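S.K.: This is the structure I have questions about; it appears just below.
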Amino acid sequence: MLVASAGNVLVWAVWLVAGFACIGSGIAVVSFSSPFYSALALIGNLGSLAVLYLLLSAEFVAAAQVLVYAGAVMVMFLFVIAYIGPHSESPWMGGPSWQAVGAVLAAAAIFVEIVVVVGLKASGKLAHSEHVGAGFGSPAQIGRLFLTDHLLAFEITSIVLLVAAIGGVILGAHSRRDAPDEVASL
Amino acid sequence: MIALLGPEVTWYLGVAAFLFATGSLGVLLRRNPLIVLLSLEIMLNGGNLALIAFARNLGDGSGQIFALAVMAVAAAEVVVGLGLIVALNRKRVTLDVDRLNTLRG
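See the structure below:
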């Protein structure tokens, strides 16, 4: 019993650190004026989210989050930011202030809506969480689910990625073809 | 069998809702399309956290499969979005979402 409560306190401590890091870095992404710092803050956000996934016993998703998101996707982001060059803009000075006020009100409304809907629909079921087996969230279980119950989603995901790759190639080819005209017109 | 230690799933859902709202604030407020894309990632990750929290609450692994599918869609979206931004930059268009109104009807 003592061991269980010590583990509980430890999980609470880790949750508090990861949760506040998650919220703080999320606010930082939105409020930094330079996209470079925003991207770095998003890497911190993804890392703390991976910790939360581990606490929810989703090991494979946490590993995929770090590898795919914090690794591949964010490196691509940083590469494009470095390619374009830093365009700093302040989040609050850009436009008429009613636009900023409207955006803050809309985001607050979305937050309240989510909390109210989840509270109304699911509050009774959230108090008690099911006990799960030791293999829950392991690569073996994820792979079994992907190749049996969710095979269609797996295949459609591959098609989505293929279409995105073709789209990326076409966008790049267009801008290469347009480049000489642009130089001539300049 | 493993019980859920630490906070209840409700707390995770609160963080997920806050992340989604923060991301939507960034999408609505910011004008740099790169930061709009980054804010979009925050929204998707808020959704992912909610999916995984519900998967843990119900003891059903399908939510994690959904989260992985969302991750793949997010990667595809980043490829196309960054491709558009690079193409705009090569055409010397100002990177400001309020000025990208060529397709306005």
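These protein sequences, in sequence, are chains D and B. At position 52 of the first sequence the residue is numbered 52 (my numbering), and the sequence of numbers has no breaks. At position 99 of the second sequence the residue is numbered 1099 (my numbering), and the sequence of numbers has no breaks. Virtual Cβ for every residue (Gly too), placed ideally from N, Cα, C. Keep in mind that this is a model prediction, so the values were computed, not measured.
Which residues in the same chain have their Cβ closer than 8 Å to the Cβ of B:Leu-1038, if we skip the five residues on either side of it in sequence?
M.R.: Counting only Cβ-Cβ distances below 8 Å, and skipping sequence neighbours, we find Gly-1026.
S.K.: Return the CA-CA distance between B:Gly-1081 and D:Ala-21, expressed in angstroms with no decimal places.
M.R.: One C-alpha to the other measures close to 27 Å.
S.K.: Please classify B:Val-1192: does DSSP put it in a helix, a strand, or coil?
M.R.: For residue 1192 of chain B there is no data in the structure shown, the boundaries of chain B being 1001 and 1105.
S.K.: For the alpha helix (DSSP H) that D:Leu-42 lies in, which residues bound it at each end?
M.R.: It spans 35-55 - the alpha helix (DSSP H) in which D:Leu-42 sits, taken as one unbroken run.
S.K.: Would you verify that the beta carbon of D:Lys-125 is, or is not, closer than 9 Å to some beta carbon of chain B?
M.R.: Taking Cβ atoms only, chain B reaches closer than 9 Å to D:Lys-125, which makes this a yes.
S.K.: Is D:Ser-123 near D:Glu-59, with beta carbons less than 9 Å apart?
M.R.: No, the pair does not count as a contact, with Cβ atoms beyond the cut-off.
S.K.: Would D:Val-132 pass as a contact of B:Ile-1085 if the rule is Cβ separation under 9 Å?
M.R.: Their beta carbons are not under 9 Å apart, which means D:Val-132 does not touch B:Ile-1085 by this criterion.
S.K.: Contact criterion: CB-CB distance below 9 Å. Does D:Gly-44 meet it with respect to chain B?
M.R.: By this cut-off, D:Gly-44 is not an interface position.
S.K.: Going by the CB atoms, is the gap between B:Ala-1076 and D:Val-160 shorter than 9 Å?
M.R.: Yes, these two residues count as a Cβ contact at 9 Å.
S.K.: Give me the subset of the stretch 1055-1072 of chain B whose CB atoms are less than 9 Å from a CB atom of chain D, sorted by chain position.
M.R.: Listed in sequence order: Ala-1055, Arg-1056, Asn-1057, Leu-1058, Gly-1059, Asp-1060, Gly-1061, Ser-1062, Gly-1063, Gln-1064, Ile-1065, Phe-1066, Ala-1067, Leu-1068, Ala-1069, Met-1071 and Ala-1072.
S.K.: Measure the beta-carbon distance from D:Asn-8 to B:Leu-1005 and round it to whole angstroms, keeping in mind my assumption that it falls under 8 Å.
M.R.: About 5 Å; that satisfies the 8 Å criterion.
S.K.: Thinking C-alpha only, which one of B:Thr-1102, B:Thr-1022, B:Lys-1091 and B:Gly-1014 is nearest D:Leu-105?
M.R.: It is B:Thr-1022.
S.K.: Output yes if chain B places a C-beta closer than 9 Å to the C-beta of D:Ala-184; else output no.
M.R.: At D:Ala-184, the pLDDT of 48 sits below 50, so the modelled position is not reliable and the matter cannot be decided from this model.
S.K.: Out of B:Arg-1092, B:Pro-1033, B:Gly-1059 and B:Gln-1064, which one is the CA nearest neighbour of D:Ile-81?
M.R.: The shortest C-alpha separation from D:Ile-81 is found at B:Pro-1033.
S.K.: Should the stretch 1010-1020 of chain B be regarded as contacting the stretch 108-115 of chain D, the criterion being three or more beta carbon pairs within less than 8 Å?
M.R.: They touch, by the three-pair rule.
S.K.: Keeping to the same chain, check which residues put their C-beta closer than 7 Å to that of D:Phe-36; ignore five residues upstream and five downstream.
M.R.: Excluding sequence neighbours, D:Phe-36 sits near Ile-81 and Pro-86.
S.K.: Checking 9 Å against the spacing of the C-beta atoms, do D:Trp-12 and B:Pro-1007 come in under that value?
M.R.: Yes, these two residues count as a Cβ contact at 9 Å.
S.K.: Please name the residue in D:Arg-144, D:Ala-70 and D:Phe-79 whose C-alpha comes closest to that of B:Asn-1045.
M.R.: Nearest option by C-alpha distance: D:Ala-70.
S.K.: Got a sec, what are the start and stop residues for the alpha helix (DSSP H) B:Phe-1054 sits in?
M.R.: That run of the alpha helix (DSSP H) goes 1033-1058.
S.K.: Could you tell me whether the Cβ atoms of D:Ala-62 and D:Ala-50 are closer together than 9 Å?
M.R.: A contact, by the Cβ cut-off of 9 Å.
S.K.: Check the Cβ of B:Gly-1006 against every Cβ in chain D and list those closer than 7 Å, keeping chain order.
M.R.: Neighbours of B:Gly-1006 on chain D, chain order: Asn-8, Val-11, Trp-12, Trp-15 and Leu-55.
S.K.: Per the DSSP calculation, B:Ile-1002 is bridged to which residue(s)?
M.R.: According to DSSP, which records beta bridges pairwise, B:Ile-1002 is partnered with D:Val-132.
S.K.: Would you kindly check if the distance between the Cβ of D:Gly-19 and the Cβ of B:Trp-1011 is under 9 Å?
M.R.: Going by C-beta atoms, B:Trp-1011 is nearer than 9 Å to D:Gly-19.
S.K.: For a contact defined as C-beta to C-beta under 7 Å, what are the partners of D:Gly-63 on chain B?
M.R.: Position check: residue 63 of chain D holds Ala in this sequence, whereas Gly was assumed. Those do not exist, as D:Ala-63 stays about 11 Å from chain B at its closest Cβ, beyond 7 Å.
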